[in-house]
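Chemist:
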Amino acid sequence: MNHGIGVDIAFLLLATLAVVTGWRVFRTDSMVRASFFLLVSFIAVGVIMILLAAEYLGVAMFFMMAVEMTVMALFMVMFMMNPAGLNPMNMVHQERIAIGAGIVGFLVLGAMALFAVFPDQPVSASLDPVKSLGNEMLGDSMLIFESAGLVLLTTMIGVVVLSCHRGRYGAAAEGSLPPGLEPGGDPAGKPEEDEEEEGGGHHHHHHHH
Amino acid sequence: MAVSWLRKLASRTQVPVFPVLGKQGDRALRYLALSPEIELVDSPRHASVLLIAGEVPADRFEPLRRVHDQLPYPFTTLWFRSEPWPHLENVPRVEKLDELPGALITAHRELMAGQRDSAPRILTDKPPNPWKGEGDFGQGGEGMMGGVPYGRPMAMNMQDDIRDGLTLDSLTFRLGPFFSAFPPGMMAEITLQGDLVQTWSTQLAPYPQSLDPVFFTARERPVPIAELELARARHHLHRLFQALRLAGLENASLDALRLAQNLSTSSTLGGLRRRLVRSGFFRLSSMEGGVLDPEQARQIGGPAARAAGLDDDLRLEDAGYRRLRFSPACQTHGNTRARWQQTLNEIDQSLHLAQQAERDEVYTSEVDRIETPRGPWSEQGPEDASPLLDEVLPGLEWGEALATVASLDVAAVVNEGGGTQTPDELRVVQGGSGNVFK
Amino acid sequence: MELLTLLFILLLSLGAGLLVQWLPMRHQPMPTYPQRAPFLGGGTPDSHAWSRYHVRYYPMTLLLIAFEMEMMFMYPWAVVFVETGMKAMMEMGMFLAILSVGIVYAWREGVFKWQ
Amino acid sequence: MFLNELLLPVLMVTFMLTVGAYVVAVLDRLIAGAFGAPQAGSVWLAPMARGAWLMTQHANATEAPDWQAWRLAPALYLALAAIGLAVVPWSESLVATDLVTSVVLWGSVEALATVVIFLHGWSANALLPLIGGYRYVALGLSYILISMFVLIGVALPAESLQFTQVVASQEALWNVLRQPLGLPLFLIVGLGMTFWGPLNLADSADLAGGTASEISGPPRLVWDVARAAMLVAFSGVAASAFLGGWLGPWLPGPLWMAIKMLAVLLVLLLLGRLLPRIAPERCVTLMWVVLLPLSFLDLVWAGIGALL
Chain A
1 MNHGIGVDIA
11 FLLLATLAVV
21 TGWRVFRTDS
31 MVRASFFLLV
41 SFIAVGVIMI
51 LLAAEYLGVA
61 MFFMMAVEMT
71 VMALFMVMFM
81 MNPAGLNPMN
91 MVHQERIAIG
101 AGIVGFLVLG
111 AMALFAVFPD
121 QPVSASLDPV
131 KSLGNEMLGD
141 SMLIFESAGL
151 VLLTTMIGVV
161 VLSCHRGRYG
171 AAAEGSLPPG
181 LEPGGDPAGK
191 PEEDEEEEGG
201 GHHHHHHHH
Chain B
1 MAVSWLRKLA
11 SRTQVPVFPV
21 LGKQGDRALR
31 YLALSPEIEL
41 VDSPRHASVL
51 LIAGEVPADR
61 FEPLRRVHDQ
71 LPYPFTTLWF
81 RSEPWPHLEN
91 VPRVEKLDEL
101 PGALITAHRE
111 LMAGQRDSAP
121 RILTDKPPNP
131 WKGEGDFGQG
141 GEGMMGGVPY
151 GRPMAMNMQD
161 DIRDGLTLDS
171 LTFRLGPFFS
181 AFPPGMMAEI
191 TLQGDLVQTW
201 STQLAPYPQS
211 LDPVFFTARE
221 RPVPIAELEL
231 ARARHHLHRL
241 FQALRLAGLE
251 NASLDALRLA
261 QNLSTSSTLG
271 GLRRRLVRSG
281 FFRLSSMEGG
291 VLDPEQARQI
301 GGPAARAAGL
311 DDDLRLEDAG
321 YRRLRFSPAC
331 QTHGNTRARW
341 QQTLNEIDQS
351 LHLAQQAERD
361 EVYTSEVDRI
371 ETPRGPWSEQ
381 GPEDASPLLD
391 EVLPGLEWGE
401 ALATVASLDV
411 AAVVNEGGGT
421 QTPDELRVVQ
431 GGSGNVFK
Chain C
1 MELLTLLFIL
11 LLSLGAGLLV
21 QWLPMRHQPM
31 PTYPQRAPFL
41 GGGTPDSHAW
51 SRYHVRYYPM
61 TLLLIAFEME
71 MMFMYPWAVV
81 FVETGMKAMM
91 EMGMFLAILS
101 VGIVYAWREG
111 VFKWQ
Chain D
1 MFLNELLLPV
11 LMVTFMLTVG
21 AYVVAVLDRL
31 IAGAFGAPQA
41 GSVWLAPMAR
51 GAWLMTQHAN
61 ATEAPDWQAW
71 RLAPALYLAL
81 AAIGLAVVPW
91 SESLVATDLV
101 TSVVLWGSVE
111 ALATVVIFLH
121 GWSANALLPL
131 IGGYRYVALG
141 LSYILISMFV
151 LIGVALPAES
161 LQFTQVVASQ
171 EALWNVLRQP
181 LGLPLFLIVG
191 LGMTFWGPLN
201 LADSADLAGG
211 TASEISGPPR
221 LVWDVARAAM
231 LVAFSGVAAS
241 AFLGGWLGPW
251 LPGPLWMAIK
261 MLAVLLVLLL
271 LGRLLPRIAP
281 ERCVTLMWVV
291 LLPLSFLDLV
301 WAGIGALL
């Protein structure tokens with residue numbers, strides 16, 4: 001392997017960037033910032049992948065992660081209290097387990113990097129990684145590829161079923177009651193509040209029906 | 001050196017003006033829209049001059065102070081037909097409409113040249129709530145959601161959503177009375193869930209609008225139908241101008257305004273209508289919202305009611321109109337689209353009626369019961385219908401809600417016609433080449 | 001080398017964008033609190049705007065992630081398409097057909113509407 | 001080497017960025033004037049004067065913005081436009097960065113633009129920008145698939161993900177004729193990326209300027225310039241992907257490229273002036289239910305065309 005010192009410097013800088021932004025994810029109070037710090041971290045890793053001559057996978061990483069982190073930010077904001085971190089909070093939970101898992105993970109990966117024997121088969125410069133990826137997909141891995149399609153279809157249907165409130169047959173939750181707190185018990189939820197909602201909730205409905 | 005060069009260049013830009021509309025200030029707005037050196041902006045952050053056009057009632061002083069202080073440094077103010085506040089020193093006041101653009105340009109140039117100081121801030125510089133940073137880094141309030149971090153409470157309302165029942169935060173705020181997409185003077189308290197209107201309560205009704213003097217004359221003695229119908233068409237075109245601006249069709253909106261300005265019995269709507277249909281105004285814009293039921297339609301009256309299928313029109317009772325074989329055209333759906341189609345049809349109809357009436361010299365016969373462009377005027381003039389918005393808008397997406405507001409002519413009509421036009425304006429209107437608008 | 005050039009362009013334009021903002025703003029005092037209040041046509045908000053915002057199109061975003069994942073397979077496929085010929089066409093046709101089912105289903109369930 | 005591979009590309013992109021943004025401003029004013037907007041003074045001077053005014057105006061602040069993100073977003077948007085311009089080839093050899101996967105890189109610029117525009121709306125911590133930002137995400141996540149289909153369509157005959165190869169593959173017939181659905185679909189993507197005209201959901205009039213409603217002064221200048229620059233970058237990509245880039249008789253390659261970019265710009269700006277803003281809800285439905293199947297069709301068409 002021969003490469004310039006520039007590549008080494010770039011690798012070090014990018015690796016630092018990836019680690020630092022990854023650390024910032026847990027040190028910021030804002031969900032949106034946390035998501036996009038993670039995005040920066042991924043982008044840095046993507047550039048490292050390009051440096052490793054995986055040109056397609058690296059650029060695909062930018063692409064995928066940009067979309068995915070946007071969606072993650074949307075959902076984080078939707079479902080977390082205090083999404084912008086206007087009030088201080090602790091972004092770290094179960095610290096002991098996390099620290100333990102982190103150390104173990106680092107040791108395992110570090111050991112792999114240090115002690116594993118990597119094959120020494122320099123690829124010829126004329127090899128086009130994108131092309132070989134395509135050939136792989138249309139050759140030996142075709143079955144995997146097609147089953148990925150099926151898995152993704154399942155994902156899509158699962159997503160729709162779980163998240164879509166208003167289906168073609170009307171509201172999904174219509175007529176349904178929350179399950180009881182004990183088997184066979186009354187539906188959960190406070191009955192007093194339910195009565196209030198009868199008035200309050202329907203009040204709105206009158207307006208737009 | 002460099003700075004003065006920059007400022008010299010800056011003084012030659014189109015003057016960005018944020019208009020604050022007082023009573024009858026919309027006339028000035030329309031005049032400025034066609035002035036080449038003025039750019040009307042929607043946000044005070046984008047403005048260099050704050051124009052207070054028309055008299056602002058005392059109950060809107062507080063919002064006016066807030067907007068005044070929201071213009072970034074440097075800025076200046078100009079008062080058109082309204083009394084400047086005494087504590088603002090050397091504030092120019094303009095009376096004549098045709099001098100307004102010039103005055104705005106001068107104000108901006110002087111501001112850029114440093115001949116005029118930026119307007120002083122009126123409100124005291126303190127956060128909305130007293131607050132001191134409490135977090136580890138000086139941020140935040142108390143606990144996860146408590147306190148007033150950075151001076152404001154956090155959004156935490158926990159109301160079930162009206163569409164899918166998710167319990168997320170709703171945002172409550174008061175919008176207006178100086179929001180460009182609202183009828184002048186209107187203010188509403190709105191609760192949003194996401195970009196969906198959850199509740200809407202109109203708190204300040206829009207200013208009563210003045211109609212063309214011919215409508216007031218028509219309540220005293222018979223008037224030529226041609227004149228009446230042209231004034232009607234002009235009124236509708238002015239509303240169309242606002243709506244098209246909101247819909248992002250700036251050029252078409254100016255066309256509507258120009259058509260209104262040069263309206264005569266030989267004008268036709270064909271070109272503008274074709275342009276709107278071809279641009280996809282009826283298909284792409286927010287058009288489905290704001291469906292009025294018959295009761296609501298009766299409440300508001302006028303073209304909005306006819307767009308909802310009611311064929312009430314006081315012109316039917318007038319002998320003059322019967323001679324012209326007038327019959328009202330209606331739409332059925334009663335939504336925003338139907339209202340604009342109705343409006344276009346009525347403009348068209350008015351132009352045809354005006355043409356016929358001019359040829360045959362037809363006069364109105366009824367004086368007690370006339371149909372104004374805003375609705376029927378029998379015993380009482382059309383009254384403020386803005387509370388209707390509270391019922392119509394909840395459940396609509398934000399853009400749809402605002403398109404609905406633009407399509408409904410809710411403002412009341414002022415009861416006397418005499419004082420609505422100053423002699424100066426009449427001069428402008430009658431003065432041939434200075435034929436600006438009525 | 002291309003990467004380095006790209007990085008240079010990125011840093012330069014980013015730097016220029018920040019510099020144009022920063023240079024004139026160095027000496028500007030912080031605007032007053034009334035100026036900093038959000039513009040609502042003279043109205044006032046009850047709370048901060050940052051909140052658990054109800055994203056009305058959230059099922060669509062989830063669907064997009066699944067679909068986009070699949071689209072990433074298509075770039076390498078496009079490169080070898082002409083070489084492989086009919087086989088590639090059939091394979092991708094099958095793949096896309098499977099996923100179109102997902103889209104059609106989602107459409108029928110009204111995913112592309114504001115919830 | 002340093003001169004050729006570093007300085008020249010950087011200069012080229014910077015030049016295109018500034019000149020391009022200026023040309024966009026002038027063209028838009030000319031078009032507005034042609035459609036009857038009242039105009040005074042010199043069209044050529046107007047963008048400069050406006051820029052100068054924005055430089056003299058102070059920057060606004062809100063009560064508790066996300067400062068870093070708020071100031072970074074316009075600059076990042078500009079940087080994305082610059083990266084977009086960097087992958088546009090001006091001739092066989094004259095291209096700032098000729099990455100092997102430049103088509104995918106452009107795709108990620110589109111995806112990252114969504115991030116940046118959302119961030120711009122979010123970070124002001126004010127209601128109207130916030131709605132603008134969220135609206136834009138709905139649009140941004142919808143057009144991205146269309147863009148992917150269409151660009152994969154042009155990659156098929158080129159057998160490469162490189163814009164230079166894509167242009168070279170159009171030697172016999174431009175893609176605009178070979179794949180007739182491609183360019184119209186891609187133009188819609190362009191309007192979306194720059195939230196221009198009918199797809200201006202982010203900075204719309206009903207939000208008093210949307211994500212830009214709380215900014216003033218220099219940040220607004222950068223935001224406006226970045227938007228114009230993004231239009232230029234997009235038109236460069238569209239010209240290379242569909243109009244045969246530098247290919248053309250008589251004139252030198254770069255000149256052809258400039259002419260084609262201008263043509264695309266003109267069409268975009270015209271569309272911006274002629275069409276009303278689409279309702280956000282309808283926009284999402286339109287993208288997924290009408291335009292996505294059309295882009296599907298475009299890809300199938302491109303595939304069959306490439307095999308024949």
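Chains as they are written, first to last, in full-length UniProt numbering: chain A, 1 to 209; chain B, 1 to 438; chain C, 1 to 115; chain D, 1 to 308.
Ideal Cβ positions, reconstructed from N, Cα and C, are used throughout, including at glycine.
Under a three-way DSSP split, which group does LEU275 of chain D fall into?
Modeler: It is coil, neither helix nor strand.
Chemist: Taking 8 Å as the threshold (beta carbon to beta carbon), is PHE195 of chain D in contact with chain A?
Modeler: Not closer than 8 Å to any Cβ of chain A, the Cβ of PHE195 of chain D fails to qualify, so no.
Chemist: Shortest alpha-carbon distance to LEU269 of chain B belongs to which of B:LEU237, B:GLY22, B:LEU123?
Modeler: It is B:LEU237 whose Cα lies nearest to the Cα of LEU269 of chain B.
Chemist: Report the neighbours of PHE95 of chain C on chain G: residues whose CB is nearer than 8 Å to its CB, in chain order.
Modeler: Of the protein chains in the structure, A, B, C and D, none is chain G.
Chemist: Mind checking if GLN35 of chain C is an interface residue toward chain B, Cβ cutoff 8 Å exclusive?
Modeler: Yes, its Cβ sits closer than 8 Å to a Cβ of chain B.
Chemist: Which whole runs of the alpha helix (DSSP H) in the stretch 102-146 of chain A are 4 residues long or more, in chain order?
Modeler: Whole alpha helix (DSSP H) segments, 4+ residues: 129-138.
Chemist: On the three-state DSSP scale, how would you describe ILE370 of chain B?
Modeler: Three-state DSSP puts ILE370 of chain B in a strand.
Chemist: When burial is assigned at 16 or more other CB atoms within 10 Å of the CB, is GLN121 of chain A buried or exposed?
Modeler: Looking at its Cβ environment, which holds fewer than 16 other Cβ atoms inside 10 Å, GLN121 of chain A is exposed.
Chemist: Taking CB distances under 8 Å as the criterion, tell me whether MET78 of chain A reaches chain B.
Modeler: Chain B, which has a Cβ nearer than 8 Å to the Cβ of MET78 of chain A, makes this yes.
Chemist: Taking PHE81 of chain C as part of the beta strand (DSSP E), name the residues at either end of that continuous run.
Modeler: Counting along the chain, PHE81 of chain C falls outside any beta strand (DSSP E), though it belongs to the alpha helix (DSSP H) covering 58-84.
Chemist: Go to GLY305 of chain D, then tell me how far its alpha helix (DSSP H) extends in each direction, as first and last residue.
Modeler: Counting along the chain, the alpha helix (DSSP H) containing GLY305 of chain D begins and ends at 292-307.
Chemist: Helix, strand or coil: how does DSSP classify GLY102 of chain C here?
Modeler: Three-state result, GLY102 of chain C: helix.
Chemist: Would you be able to state if there are at least three C-beta pairs under 8 Å between the stretch 156-175 of chain B and the stretch 86-94 of chain C?
Modeler: They do not touch, by the three-pair rule.
Chemist: For MET78 of chain A versus ALA106 of chain C, is the C-beta spacing smaller than 8 Å?
Modeler: Cβ atoms of MET78 of chain A and ALA106 of chain C: not closer than 8 Å.
Chemist: Once the 5 residues before and after LEU14 of chain C are set aside, which same chain residues still bring their CB inside 8 Å of it?
Modeler: Nothing meets the Cβ criterion.
Chemist: Between PRO191 of chain A and chain C, is any beta-carbon pair separated by less than 8 Å?
Modeler: Residue placement at PRO191 of chain A cannot be trusted, given a pLDDT of 44 that sits under 50; what the coordinates show is reported in the next sentence. By this cut-off, PRO191 of chain A is not an interface position.
Chemist: GLU227 of chain B: which of B:ARG298, B:SER386, B:THR364 sits nearest, CA to CA?
Modeler: Nearest option by C-alpha distance: B:THR364.
Chemist: By how many angstroms is the C-alpha of ALA54 of chain A removed from the C-alpha of PRO129 of chain A?
Modeler: So the two alpha carbons sit approximately 7 Å from each other.
Chemist: State the start and end residues of the unbroken beta strand (DSSP E) segment that holds ILE38 of chain B.
Modeler: Here the beta strand (DSSP E) through ILE38 of chain B covers 38-40.
Chemist: What does the alpha-carbon distance come out to for the pair PRO252 of chain D and PRO89 of chain D?
Modeler: PRO252 of chain D and PRO89 of chain D: Cα-Cα distance of roughly 13 Å.
Chemist: Roughly how many whole angstroms lie between the Cα atoms of VAL55 of chain C and VAL189 of chain D?
Modeler: Distance between the alpha carbons of VAL55 of chain C and VAL189 of chain D is about 22 Å.
Chemist: Over the uninterrupted beta strand (DSSP E) stretch that includes PRO376 of chain B, give me the two end residues.
Modeler: 375-377 is the span of the beta strand (DSSP E), which, as asked, contains PRO376 of chain B.
Chemist: Of the choices B:ILE122, B:PHE75, B:GLY280, whose alpha-carbon is the least far from that of SER216 of chain D?
Modeler: Nearest C-alpha to SER216 of chain D: B:PHE75.
Chemist: Where does LEU276 of chain B sit, in a helix, a strand or coil, going by DSSP?
Modeler: If DSSP states are grouped into helix, strand and coil, LEU276 of chain B belongs with the helices.
Chemist: Give the secondary structure of GLN170 of chain D by DSSP, where H, G and I count as helix, E and B as strand, and everything else as coil.
Modeler: GLN170 of chain D: coil per DSSP, three-state reduction.
Chemist: Ordered along the chain, which non-local residues of its own chain (more than five positions away) have a Cβ less than 7 Å from that of VAL47 of chain A?
Modeler: Closer than 7 Å at Cβ, skipping near neighbours: LEU14, GLY58.
Chemist: Work out the CA separation of SER108 of chain D and VAL67 of chain A for me, nearest whole Å.
Modeler: Approximately 9 Å, taken between the alpha carbons.
Chemist: In the stretch 182-260 of chain B, which residue ranges form an unbroken beta strand (DSSP E) of at least 3 residues, counting only runs that do not cross its ends?
Modeler: Qualifying beta strand (DSSP E) stretches, in chain order: 187-193, 196-204.
Chemist: Name the two residues that bound the continuous alpha helix (DSSP H) containing THR5 of chain C.
Modeler: Counting along the chain, the alpha helix (DSSP H) containing THR5 of chain C begins and ends at 2-25.
Chemist: What does the alpha-carbon distance come out to for the pair ARG135 of chain D and LEU107 of chain A?
Modeler: The alpha-carbon atoms of ARG135 of chain D and LEU107 of chain A are separated by roughly 45 Å.
Chemist: Looking at chain A, is there any beta carbon in it that lies within less than 8 Å of the beta carbon of ILE65 of chain C?
Modeler: ILE65 of chain C counts as touching chain A.
Chemist: How would you write the range of the beta strand (DSSP E) that LEU51 of chain B sits in, first residue to last?
Modeler: Taken as a continuous stretch (DSSP letters only), the beta strand (DSSP E) holding LEU51 of chain B covers 49-53.
Chemist: Looking only at its chain, what residues have a beta carbon closer than 6 Å to the beta carbon of residue 214 of chain A, apart from the 5 residues adjacent to it on each side?
Modeler: Missing from the structure shown is residue 214 of chain A; chain A here goes from 1 to 209 and no further.
Chemist: Sort out for me which residues DSSP pairs LYS23 of chain B with in a bridge.
Modeler: B:GLU55, per the DSSP bridge assignment.
Chemist: Counting only C-beta atoms, is THR285 of chain D closer than 8 Å to chain C at any point?
Modeler: Answer yes: the Cβ-Cβ gap between THR285 of chain D and chain C drops below 8 Å somewhere.
Chemist: Specify the secondary structure class of PHE173 of chain B as computed by DSSP and reduced to three states.
Modeler: Strand.
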